[in-house]
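Student: Chains as they are written, first to last, in our numbering: chain B, 375 to 745; chain V, 375 to 745. A virtual CB, placed ideally from N, CA and C, is assigned to each residue, including glycine. Below is one structure. I have some questions about it.
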């Protein structure tokens, strides 16, 4: 039986914090937080506030549907989505499945996708579960804890801003990614999705819990540190229990868009305590590997966040520019990703790096002696 | 009220003629007739013969669905389709639309697609209408007389041999082509479709009538001419009321696969009465433009068929090889294509040729004096 527990009500100003927090957990990817925030705020202004609820309140047979935007951040900045196509995708999924959705879910924590579910929740009045399918952002749609727990990404609906839609039914989530990626490219580089429909029972096992609350807390922490002229980087670091692995200036960024993905490498030149050292970050939409002076220090799925050294604002792979001063934070990913099944989906080898996952423990290097 | 008029029953041996006739009307495209024939014969062996019926027997509100294969002929020869995925596509279309299909229809006359509807008709027991949406083959799915009469290509289902499927709903048929083409490429180069669902009333206006009977007649004509050691090329020419525009040897073929299409140009060197002359044929899957000694003689949508000079067997753009002897026939397309609306969809300018359509009339050049 469904007996919803309200965690909090999310209104227009809350989206500022959630978008910022999403961009922090977005680890360089997940899209421009500004766009997602505008969409969600507009939807809440028009339709009213959103109920953020605990997954445990849903009945075992409730129907839960994650919603999100798919697309390459480098393309998204040129094309402002309207947002409410996400509701069309959701309604088409309901029609295709012949039943109504009981609760919405966030697909990934990222600048855009931590906020797109609020558009759907505001417009439909459906409750939004506090959690997501990654605890961070990842570039491909099969890279979810939902999939790890055996949830099929299909039936899935993609909709665009012109009125086209696609329903996919596939034999596995890799096929879904392949077909959805092409459709997204055809649709102009971004599409709105309703996918991974699952029961309440499965959702309770398969989600990363508390992600949207964490986004809101991280955003608030950063905002408050700025208001009281504190140290915003240190405030975010403390909230994440992260380690500062580097402090420097972006010297070089190689970037290309391949099949809808922004891929590349950034080189950061050390300053202050890191003067004379170098950090190299490899990314595929998200930051995936960090190498300090040629030694691998962080590997996907563990988290690498870049913050602007002055303002503490998260810096995306797409937003990195020559000369900007950044601080690199590293911290552990959601525990479920560190299992063999998780690493198969999102470990370094899946992305083509000839490396094993090496769990990152904040402070471990310092405790073990000089690096 | 539905009151079906049976034209004839189609059994295993009939498919030999229909596939050959389809390849003749395929005007160089439409796929390898051998593959389609095998699929249809196997389906009829397993499920029984097919009823070929007149469109006029269907009720105005009957639901008619064309079925076909989409894909590039150059890719298809490497991947043998199973065929019965076409039934899965059809059933998914029925489920999506919430009603059953009353009659099947052929999408295009071509080596493959004149026969794929027989797979669906045999497996489901549904009647197959004698007609199609092109009266020939064309490379893109919006190039149909159905579309000319305002029928939307969607809802449309694509299925592959692995078990993946895609349902499209689009704002126009150009968008359908775009999204379906990408999905087909993803699916390995070919997909089975059920599309352009339409009422009986619309089907009566929107189809090219009699296409499958014409295919069967052309195939039989060619077969009988061979059996009695007659002139197979002349027999086909006479059946089509076509003109022989060239007789020669393939000297050069430029071919590339672009976005799932086989595009190119062929040069044919004259023999006998055409010695010293040259024919150039431009194709995009199908033969679209013929130019004799630098002068345009046939333009799409009028028909260009190449026959092997000895056997009379139709030669596809994909099957053209250096040195083979061919005879080029030209003849008028279905009358509806010669309207302004038809030429907008399939005239030379749509394909990127800087030419107006010039209606081809067999024998006109001869009557007007020396070429």
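Evaluate residue 648 of chain B with the Cβ neighbour count: other Cβ atoms within 10 Å of its Cβ, from every protein chain shown; 16 or more gives buried, anything less gives exposed.
Tutor: With 16 or more other Cβ atoms within 10 Å, it is buried.
Student: Flag residue 557 of chain V as yes if its beta-carbon sits less than 8 Å from any beta-carbon of chain B, otherwise no.
Tutor: True, the Cβ-Cβ gap to chain B drops below 8 Å.
Student: Residue 539 of chain B versus chain V: which residues are under 7 Å apart at the beta carbon?
Tutor: Within 7 Å Cβ-Cβ: 543.
Student: Beta carbon of residue 553 of chain V, beta carbon of residue 540 of chain B: below 8 Å?
Tutor: Yes, these two residues count as a Cβ contact at 8 Å.
Student: Distance, Cα to Cα, residue 543 of chain V vs residue 513 of chain V?
Tutor: So the two alpha carbons sit approximately 21 Å from each other.
Student: Pick out whichever of B:412, B:427 and B:576 has its Cα sitting closest to the Cα of residue 420 of chain B.
Tutor: Of the listed residues, the one whose Cα sits closest to residue 420 of chain B is B:412.
Student: Could you have a look at residue 682 of chain B and say whether DSSP puts it in helix, strand or coil?
Tutor: In the structure shown, residue 682 of chain B sits in a strand (DSSP, three-state: E or B).
Student: Does residue 533 of chain B come out as helix, strand or coil in the three-state DSSP assignment?
Tutor: In the structure shown, residue 533 of chain B sits in a strand (DSSP, three-state: E or B).
Student: Of all the CB atoms in chain B, is at least one closer than 8 Å to the CB of residue 711 of chain V?
Tutor: No, residue 711 of chain V does not count as interfacial toward chain B.
Student: For residue 477 of chain B, which of helix, strand or coil comes out of DSSP?
Tutor: Strand.
Student: Can you check whether the C-beta of residue 473 of chain V is within less than 8 Å of a C-beta belonging to chain B?
Tutor: Output row for residue 473 of chain V: interface = no.
Student: When DSSP labels each residue in this structure, what does residue 658 of chain B get in the three-state scheme?
Tutor: In this structure, residue 658 of chain B counts as strand in the three-state DSSP scheme.
Student: Given a threshold of 16 other Cβ atoms within 10 Å of its Cβ, counted over all protein chains shown, does residue 379 of chain B qualify as buried or as exposed?
Tutor: That one is exposed.
Student: For residue 536 of chain B, return the contacting residues in chain V, with the cut-off set at a CB-CB distance below 9 Å.
Tutor: Near residue 536 of chain B (Cβ distances below 9 Å), the residues of chain V are 544, 545 and 549.
Student: On the three-pair Cβ rule with 8 Å, is the region 416-432 of chain V touching the region 686-703 of chain V?
Tutor: The region 416-432 of chain V is not in contact with the region 686-703 of chain V.
Student: Any idea which residues DSSP pairs residue 543 of chain B with across the strands?
Tutor: Paired residue(s): V:539.
Student: Residues of chain B with CB under 7 Å from residue 552 of chain V, in chain order?
Tutor: Those are 560, listed as they occur along chain B.
Student: If we ignore side chains and look at the alpha-carbon of each, how far apart do residue 589 of chain V and residue 469 of chain B end up?
Tutor: Their Cα atoms are separated by approximately 41 Å.
Student: From residue 549 of chain V to residue 521 of chain V, what does the alpha carbon distance come to, in whole angstroms?
Tutor: Cα-Cα distance, rounded: 13 Å.
Student: How long is the line joining the alpha carbons of residue 717 of chain V and residue 685 of chain V, rounded to whole angstroms?
Tutor: Their Cα atoms are separated by approximately 34 Å.
Student: For residue 394 of chain B, count the other beta carbons within 10 Å of its own beta carbon; 16 or more makes it buried, fewer makes it exposed. Which is it?
Tutor: That one is buried.
Student: Over what stretch of residues does the beta strand (DSSP E) that includes residue 440 of chain V continue unbroken?
Tutor: Where residue 440 of chain V is concerned, the enclosing beta strand (DSSP E) stretches over 437-445.
Student: Mapping DSSP to helix, strand and coil, what is residue 396 of chain V?
Tutor: Residue 396 of chain V falls in the helix class under three-state DSSP.
Student: Can you tell me which of the three DSSP states residue 579 of chain V falls into?
Tutor: DSSP places residue 579 of chain V in helix when its eight states are reduced to three.
Student: Run through the DSSP bridge pairs and tell me what residue 486 of chain V is partnered with.
Tutor: Partner(s): none; residue 486 of chain V has no beta bridge.
Student: Taking 8 Å as the cut-off, does the region 607-621 of chain B touch the region 729-737 of chain B (at least 3 CB pairs, one atom from each stretch)?
Tutor: These segments touch.
Student: Classify residue 557 of chain V: buried if its beta carbon has 16 or more other beta carbons within 10 angstroms, exposed otherwise.
Tutor: So residue 557 of chain V counts as buried.
Student: What's the C-alpha gap between residue 489 of chain B and residue 483 of chain B?
Tutor: Distance between the alpha carbons of residue 489 of chain B and residue 483 of chain B is about 9 Å.
Student: My guess is that residue 392 of chain B and residue 577 of chain B are in contact by the Cβ rule of under 8 Å, so how many angstroms apart are they, rounded?
Tutor: Incorrect: roughly 20 Å between the Cβ atoms, too far for contact.
Student: Mind checking which residues open and close the alpha helix (DSSP H) that includes residue 409 of chain V?
Tutor: Taken as a continuous stretch (DSSP letters only), the alpha helix (DSSP H) holding residue 409 of chain V covers 407-421.
Student: Is the separation between the beta-carbon of residue 479 of chain B and that of residue 505 of chain B shorter than 8 Å?
Tutor: Yes, the pair counts as a contact, with Cβ atoms nearer than the cut-off.
Student: Secondary structure at residue 666 of chain B, three-state DSSP: helix, strand or coil?
Tutor: If DSSP states are grouped into helix, strand and coil, residue 666 of chain B belongs with the strands.
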